[in-house]
Amino acid sequence: MMKFCLKDKVFEKISSVLDMEGTEGYLIGGFVRDFLLGRDNPQKDIDIVVKGSGIKIAGKVARSLGKGIKVSVYRNFGTAMFRYDDYNIEFVGARKESYNRDSRKPVVEDGTLEDDQKRRDFTINALAIGLNSSNWGRLIDPFGGLEDLKNRIIRTPLDPDRTFDDDPLRMMRAIRFATQLDFTIEKQTFESIIRNRERIKIVSAERITGEINKIMMAEKPSTGFKLLDKSGLLSIIFPELANLKGVEMIEGRGHKDNFYHSLEVLDNISRHSDNLWLRWAALLHDIAKPVTKKYSEKTGWSFHNHEFIGAKMVPAIFRRMKLPLNENMKYVQKLIDLHLRPVDLSKENVTDSAIRRLLYEAGNDIDDLMMLCEADITSKNREKRIRHLANFRYVRQKLAEIEEKDAIRNFQPPISGDEIIATFGIKPGREVGIIKNFIKDAILDGIIPNDFNAAKELMLKKGRELGLQPVNDTREVSDQE
Ligand code: ATP
Ligand code: MG
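Counting from 1, position 326 in the sequence shown corresponds to residue 325 in numbering that gives the first Met the number 0; the numbering is continuous, with no gaps.
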């Protein structure tokens, strides 16, 4: 019989409340799995299943732990949770669930621990540890979850067709856990995912996206996307990504498979950054290649403008996936849009002006952009890889030089639209934009320095060209700063 040493005082408190109330309680789910794997559970979520009312026990435990613990109750789910130290502790009453195929709402009744374990998604998530004094630390494992943990296998506790039919999100969860834990999905279980793949359509976009984001944040996200592809789920939930697959040949000339390339870029970036949105940019950087693909006898395959069209495709993808349409999305779009620019800058005779322009457009995201470009090098040819990397080292150096000289990152043109309007006594409109751009271009091109007096002079000159007169030209230029 396997027994565990639960060191934390909080488990003893829970134990004595359970004994006092004369009811059973068990640790279950992710906490038990990660505890047995010796894996750090970063969120420190603890799930406890009790016989009877989880809400009632949560209240009693919270009270016994001290004053001022706020218990959040979710009556609809029959759960209650509170924070204690670093932990989020959630209590739920043991349940027996049966599903009606046409409705996503399960019929729920009170059940035994075993009923509750059966409704769990995988054997490794159905492991329970006793918390009463009579079974303190004892592992309760009716489905061979421990064996599966040892063999690193994802398997459903019941017939997989039933488990996946009851809640098709579990198909995504299987792939997500396989990716996070680097486990294999057992053969029958995987075949059942293939059979049931169409059922994913009844699951909400939010839940699906939650799993995709967890796959994205894994150490090696490509594992998950390859499994999604193999199972047939990918083309249902993420058709744009599935479209990247394949190599077309004309006259014996092919292009690279952009699906596997994108996954490689994603894995590369994931070795350097935990930024979810940078990872999204890596996954989507070539998303417009299928729609921009052309073949010409002279030059072979091209994907003209794919960076620009790709950035434009992002909002529709984010909207469908219920990802937030905010600054993060704009950042993803910006990186996709700019992802070829550093390559251009690595060519010979690149002007300071071109460097300044990229710094101006990328702003503070320039370092992320350079990281993305380096991750984008997936050539199998060693010499080529070394050459590309050296090129980017050169670009980084040029960027640093210009940055030091001109402080162009996050630069705001020294003359605002309001200033132009006031100077010439005009209404907001076309001329203001023309003058503003003219000044900005002159600074980025190095024609004038990035300062107010030079910009003001240029404003007056451009204004005269447009037939504008300053309304009050007596003010001293130097007073304006
Ligand atoms: P993590 O929190 O690290 O992602 P977890 O295993 O704790 O992993 P949760 O989503 O927090 O996953 O769920 C807690 C437990 O609840 C799971 O271990 C599993 O036993 C059960 N569970 C969660 N979602 C489902 C589901 N859709 N179907 C069946 N059981 C589920
Ligand atoms: Mg959890």
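Don't be surprised by glycine CBs; every beta carbon is placed ideally from N, CA and C.
Note that this is a predicted model, so its numbers are computed, not measured.
Using only alpha-carbon positions, find the residue among the options that is nearest to residue i.
| i | options | result |
| --- | --- | --- |
| Ser301 | Ile249, Asn274 and Leu265 | Ile249 |
| Gln25 | Tyr73, Asp140, Asp147 and Glu456 | Going by the sequence as given, residue 25 is Tyr instead of Gln. Closest by alpha carbon: Asp140. |
| Ile442 | Leu358, Leu371 and Arg386 | Leu358 |
| Ser133 | Glu23, Asp120, Ser269 and Ile235 | Glu23 |
| Gly53 | Arg38, Ser71 and Asp39 | Ser71 |
| Lys311 | Glu11, Glu239, Glu418 and Arg392 | Glu239 |
| Lys12 | Lys55, Val60, Phe30 and Gly29 | Val60 |
| Glu89 | Met19, Gly58, Ile385 and Ile420 | Gly58 |
| Met19 | Asn131, Glu108, Thr78 and Thr111 | Asn131 |
| Asp444 | Ser352, Lys292, Ser97 and Lys95 | Ser352 |
| Glu347 | Tyr393, His303, Leu138 and Lys383 | Tyr393 |
| Leu227 | Phe176, Asp273 and Ile201 | Phe176 |
| Lys229 | Lys213, Lys186, Lys255 and Ser269 | Lys186 |
Note down the Cα distance separating residue i from residue j, rounded to an integer number of angstroms.
| i | j | result |
| --- | --- | --- |
| Met80 | Gly416 | 53 Å |
| Asn390 | Lys288 | 24 Å |
| Gly309 | Pro412 | 29 Å |
| Phe224 | Arg196 | 15 Å |
| Asp366 | Leu322 | 24 Å |
| Asp33 | Ser63 | 27 Å |
| Ala399 | Glu360 | 15 Å |
| Leu324 | Gln396 | 34 Å |
| Phe258 | Asn267 | 14 Å |
| Ala280 | Gly245 | 21 Å |
| Gln179 | Tyr73 | 29 Å |
| Glu480 | Ala374 | Low per-residue confidence applies at Glu480: pLDDT is 41, beneath 50, and the placement is therefore not dependable enough to give any value. |
| Ile207 | Lys149 | 28 Å |
| Thr162 | Ile45 | 23 Å |
| Arg119 | Gly37 | 21 Å |
| Pro105 | Gly21 | 29 Å |
| Thr188 | Ser221 | 20 Å |
| Asp115 | Ile235 | 31 Å |
| Gly362 | Tyr330 | 11 Å |
| Arg198 | Pro167 | 6 Å |
| Gly231 | Met170 | 11 Å |
| Ile56 | Ile68 | 14 Å |
| Gly253 | Asp181 | 33 Å |
| Asp478 | Val349 | A caution first: Asp478 carries a pLDDT of 47, below 50, which makes its placement in the model too unreliable to give a value. |
| Ile420 | Tyr83 | 58 Å |
| Leu35 | Asp147 | 12 Å |
| Ala453 | Lys461 | 12 Å |
| Asn242 | His387 | 27 Å |
| Lys455 | Ile434 | 11 Å |
| Asn75 | Glu210 | 23 Å |
| Tyr86 | Ile174 | 26 Å |
| Phe495 | Phe410 | No statement about residue 495 is possible, as the shown extent of the chain runs from 0 to 480 and does not include it. |
Does the separation of the CB atoms of residue i and residue j fall below 8 Å?
| i | j | result |
| --- | --- | --- |
| Val313 | His284 | no |
| Gly143 | Gly136 | no |
| Ile401 | Arg340 | no |
| Ile414 | Ile438 | yes |
| Leu465 | Glu418 | no |
| His260 | Glu306 | no |
| Pro159 | Ser203 | no |
| Leu275 | Met215 | yes |
| Val508 | Ala93 | In the structure as shown, the chain starts at 0 and stops at 480, and residue 508 therefore has no counterpart that could be examined. |
| Ile153 | Ile184 | yes |
| Leu344 | Leu371 | no |
| Leu157 | Lys117 | yes |
| Leu459 | Pro448 | no |
| Leu112 | Ala125 | no |
Closer than 7 Å to a non-hydrogen atom of ligand 2 - does that hold for the CB of residue i?
| i | result |
| --- | --- |
| Gly144 | no |
Does at least one heavy atom of ligand 4 sit under 7 Å from the Cβ of residue i?
| i | result |
| --- | --- |
| Glu400 | Because ligand 4 does not appear in the structure shown, any question about it cannot be addressed here, the ligands present being ligand 1 and ligand 2. |
Q. Who's in the neighbourhood of ligand 1, going by beta-carbon under 7 Å from any heavy atom, listed in chain order?
A. Listed along the chain, these residues meet the criterion: Ile27, Gly28, Gly29, Phe30, Arg32, Asp33, Asn40, Gln42, Asp44, Asp46, Arg118, Arg119, Asp120, Asn124, Ala125, Asp166, Leu168, Arg169, Arg172 and Lys213.
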